[in-house]
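Residue numbers (this note's numbering), protein chains in the order written: chain V, 1 to 212; chain A, 1 to 212; chain P, 1 to 212; chain H, 1 to 212. Working notes for the structure below.
Number of protein chains: 4
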Amino acid sequence: MDFKRARTNAQVEERRREILQACADIYDQGDVDDVHFKAIGEKTSFARSTIYKYYSTKEEILLDLLLIDVMNWIYDVREFTDSHESLSKEAFCKTFAQTYVENERLLRLMSILYSVLEKNCSLEKLTEFKRNLMGFMTPIYECVKKFFPSASDESIQAFISTSSNYVLGLYPSTHMSPKQKKAIELSGYDYEISDFASACCQGFMIIASVLD
Amino acid sequence: MDFKRARTNAQVEERRREILQACADIYDQGDVDDVHFKAIGEKTSFARSTIYKYYSTKEEILLDLLLIDVMNWIYDVREFTDSHESLSKEAFCKTFAQTYVENERLLRLMSILYSVLEKNCSLEKLTEFKRNLMGFMTPIYECVKKFFPSASDESIQAFISTSSNYVLGLYPSTHMSPKQKKAIELSGYDYEISDFASACCQGFMIIASVLD
Amino acid sequence: MDFKRARTNAQVEERRREILQACADIYDQGDVDDVHFKAIGEKTSFARSTIYKYYSTKEEILLDLLLIDVMNWIYDVREFTDSHESLSKEAFCKTFAQTYVENERLLRLMSILYSVLEKNCSLEKLTEFKRNLMGFMTPIYECVKKFFPSASDESIQAFISTSSNYVLGLYPSTHMSPKQKKAIELSGYDYEISDFASACCQGFMIIASVLD
Amino acid sequence: MDFKRARTNAQVEERRREILQACADIYDQGDVDDVHFKAIGEKTSFARSTIYKYYSTKEEILLDLLLIDVMNWIYDVREFTDSHESLSKEAFCKTFAQTYVENERLLRLMSILYSVLEKNCSLEKLTEFKRNLMGFMTPIYECVKKFFPSASDESIQAFISTSSNYVLGLYPSTHMSPKQKKAIELSGYDYEISDFASACCQGFMIIASVLD
DNA sequence: GATGAATGAGTTTTCATTCAT
DNA sequence: CATGAATGAAAACTCATTCAT
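See below:
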């Protein structure tokens, strides 16, 4: 960065981006508790206290990060909507699952949204987030609608909400830490951890029955 | 408590129970971060340092709490299995959903199991937990089998895993904090937060299609 | 141990011995800070609180341990006095050094005697220790006297005190921890750590000049 | 201090100095165990947690303190080297002993260097210390060389190492706590505690025989 | 007399947050 | 406006010591 003080909007945005990137890097390797101002400050090119000018809590940073992830996901969904004329149920489920595979952090962040993120967030920030989030939902509806044109509105909504809840619950059970894996191995049961992509697709197939 | 020092096994169990209860009380009102030795110590009738005799980390306490919740849930599933000869798909889904309604903390704890609980837990404790958890799964299988006798093994397993992932994801979106609700309201969208019990039942109905 | 309560003197002695042994084991592997009631309690066959019946502080245990080490050393010196009729200066120094080599813990304990051991000790215990210690000094005098019969009393005393101070200071610089060694290596200087036995002997040779 | 925040290098040094001074004060009156962050924090004009900015462990503080003591000692040795053209053996020993008398804490710290200081120190810090320490040794060599010009290199080295080990061992036995003195008195033996300065000189006289 | 549960005091350590520069 | 030094609060953790059983 070749400026010392962020005067213009663009510079402010650049700083914000750097903070978000630092936050993302930390979260990608560790867990929520590893994300704190000290760590973020050390990852950015500027000082910890400077971050306060842009965000008041780490939760607000994570909320912005989540929003970005949501947008990326929406983008992917949109892209796949546009690039196919029609899809078999199976092909749809597979492709839809793929959009989640490519945006895994979205699922991690979503799962802590309700318990952690909102905890230390201003109501304004949270409201803004919710508004954004809901505004983004249309492309998802349109996607399902396109490939299941005869499905009712209601069943499309049912598919979307059921599948998203499902995928939210599926994520952690398919992404176990080495320690978890070791514990399962030692437990004596021969439980095989599913592959996220295929389990996701399978679940979607079942849930997609509502679209018939 | 009418003893000062836990000498017999029963008394030790009593102490453990008190710790677990304190932990449960704190977690029921707040979130994981509110659960720490200081808070637990203040909720019990004995000193903070005494807790170290029974548990080395708060995660191990929560893991035990989760195990209890799992057992309670299993107990409820069993009870409903035994108390009905046969059930319609809808009745089954409603009753099955009800077992979750009555054990909501199970879902909260489950959702942090993968990210938080295992973090500061000895491998031994975690292994023991996994062993217990897996040993408990049979009654669930038997329950579904009883009411869907013609369903294949595979589809029963699919129902169980899909529905449990679903319900795990559903829980937080139907249990929003006042702040979340306010934020949604302020966002301008008229999104209605579903009732957990009915949303759960609805989702199960969809997923139960795999049992046909 | 096949008794639950130490009634007889012999049993009391046996307990004391066990405590001392535990203490020695811990000190041999670690440092003074590793020696505490908790650790000692865990190394013995009885409870931590039972130790209070025999010793009030860990320093008193260490003081007893030191006394034992002194006695062992004296014993070795005596043995070598008795087993030789006469010795050359060099042979004497080598053999004398050897008595220290075989009682290295004595040197470690001695070096903390003044700073640590006396700190948390009753005056009675300390007095008793001093009395014992001084009573033990005669054999050392006799040893030097035997092999240097023409040396004056004064020069014998000078040799004893100078050599014992020397050996006390020598010990740590010839027994470096792996970390110290690594640090020296990394420092770039090619300092070679002396071997205790030979450095000790060499120093004694110099100091023994007083006996000529 | 007329600044609230150490911004310039000089101010940072000033803080460091204050920490070292606090540490020195505590150590001069008590023992190593009395030196801890809490105590140091209370002795300085700033908060305990601020010290962490300057030192990570108390051992690193003590190591720096030791280094300062070494430098002071070296300075004194140098000074006496420069201020005399030649010295009799006795005068040399007396003056050399005097450099130790004036830097007694050096001896206390040295005696715990091997057991305590290195324990909780980063390898880097320790390496840096060793490097400094060794770099400082030349003036000592030069001092002995100047006053014993005909002595061989080897015997000069022998004098230096033997005398330094000796003085290290001598220190504690001539600096007994009131309690130790009382215990000796009560023991009944009429052991007279030597005066450090003269005992040191006497020992040096003996050891200096190697320089003849 | 022996035990080990319970306690409390003491220390370390880590961060969010403030504020002098 | 940016910084990073300083702070204080909070939590973890460990033992010596006491005391009910």
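Don't be surprised by glycine CBs; every beta carbon is placed ideally from N, CA and C.
Sort the options by Cα distance to residue i and report the nearest one.
i	options	result
V/V35	V/A10, V/G41 and V/I26	V/I26
H/L67	H/M110, H/S86 and H/Y55	H/M110
H/D28	P/S115, P/Q29, P/L106 and P/E85	P/S115
P/E102	P/K119, P/E79 and P/L117	P/E79
P/C143	P/N132, P/Q157 and P/R131	P/Q157
P/D76	P/T99, P/G169, P/H175 and P/P172	P/T99
P/T81	P/K145, P/G169 and P/K53	P/K145
V/S194	V/S173, V/K53 and V/A183	V/S173
H/K58	H/L106, H/K119, H/A6 and H/A183	H/K119
V/Y189	A/Y171, A/T127, A/Y141 and A/E154	A/T127
H/D33	P/K89, P/S209 and P/I112	P/I112
P/F196	P/S209, P/L170 and P/L106	P/L170
P/S209	P/H84, P/E185, P/S152 and P/Y54	P/S152
A/L243	A/G30, A/C23, A/S187 and A/L168	The displayed coordinates of chain A run from 1 to 212. Any statement about residue 243 of chain A would go beyond what the structure contains.
P/I61	P/A22, P/R108, P/S83 and P/L186	P/A22
H/S150	H/L20, H/Y54 and H/K89	H/K89
Check whether the Cβ of residue i lies closer than 8 Å to any Cβ atom in chain H.
i	result
P/K182	yes
P/D2	Low confidence applies to P/D2: its pLDDT is 47, below 50, so where it sits in the model is not reliable, and the reading given next is rough at best. For P/D2, the answer is no, since every Cβ of chain H falls outside 8 Å of its Cβ.
P/S198	no
P/D64	no
P/T162	yes
P/V77	no
P/Y100	no
Any C-beta of chain P sitting closer than 8 Å to the C-beta of residue i?
i	result
H/A290	Any question about residue 290 of chain H goes unanswered here, given that chain H covers just 1 to 212.
H/D31	yes
H/L87	no
H/T8	no
H/I207	yes
H/K220	Residue 220 of chain H is absent from the structure shown; chain H starts at 1 and stops at 212.
H/Y114	yes
So, does the CB of residue i fall closer than 8 Å to a CB anywhere in chain A?
i	result
V/P172	yes
V/E154	no
V/N103	no
V/E118	yes
V/M71	no
V/D34	no
V/L67	no
Take residue i and list the residues in its own chain whose beta-carbon comes closer than 6 Å to its own, dropping the five residues that flank it on each side.
i	result
H/F148	L211
P/M1	Confidence at P/M1 is low in this model, with a pLDDT of 44, below 50, so the placement of that residue should be treated as unreliable; the coordinate-derived value is given next. Closer than 6 Å at Cβ, skipping near neighbours: S45.
H/L87	F147
Enumerate in chain order the residues of its own chain whose CB-to-CB distance from residue i is below 8 Å, with the five nearest sequence positions on each side excluded.
i	result
A/I207	F159, T162, S163 and Y166
P/R131	none
H/Y141	I156, Q157 and I160
Considering only residues of the same chain and omitting the five flanking positions on each side of residue i, which have a CB-CB separation below 7 Å?
i	result
A/F129	L63 and L67
H/R48	F37, K38 and G41
H/C201	C93, K94 and A97
H/Y54	R15, R16 and I19
A/A199	L170 and T174
A/K43	A22, D25 and I26
Measure from the C-beta of residue i to each C-beta in chain V and report whether the shortest distance is under 8 Å.
i	result
A/Y166	yes
A/Y189	yes
A/Y55	no
A/L123	yes
Quiz item: With contact counted as at least three CB pairs below 8 Å, one residue from each stretch, are the stretch 134 to 141 of chain V and the stretch 69 to 85 of chain V in contact?
Solution: yes
Exercise. Give the residues from the stretch 125 to 149 of chain V that approach chain A closer than 7 Å (Cβ to any Cβ), ordered along the chain.
Key: L126, T127, K130, R131 and M134
Exercise. Decide if the stretch 87 to 97 of chain H is in contact with the stretch 83 to 95 of chain P; the criterion is three or more beta carbon pairs, one per stretch, under 8 Å apart.
Key: no
Self-check item: Cβ contact (3+ pairs, closer than 8 Å) linking the stretch 172 to 185 of chain A and the stretch 115 to 133 of chain V
Solution: yes
Quiz item: Touch check for the stretch 14 to 26 of chain P and the stretch 6 to 26 of chain A: three-plus C-beta pairs under 8 Å?
Solution: no
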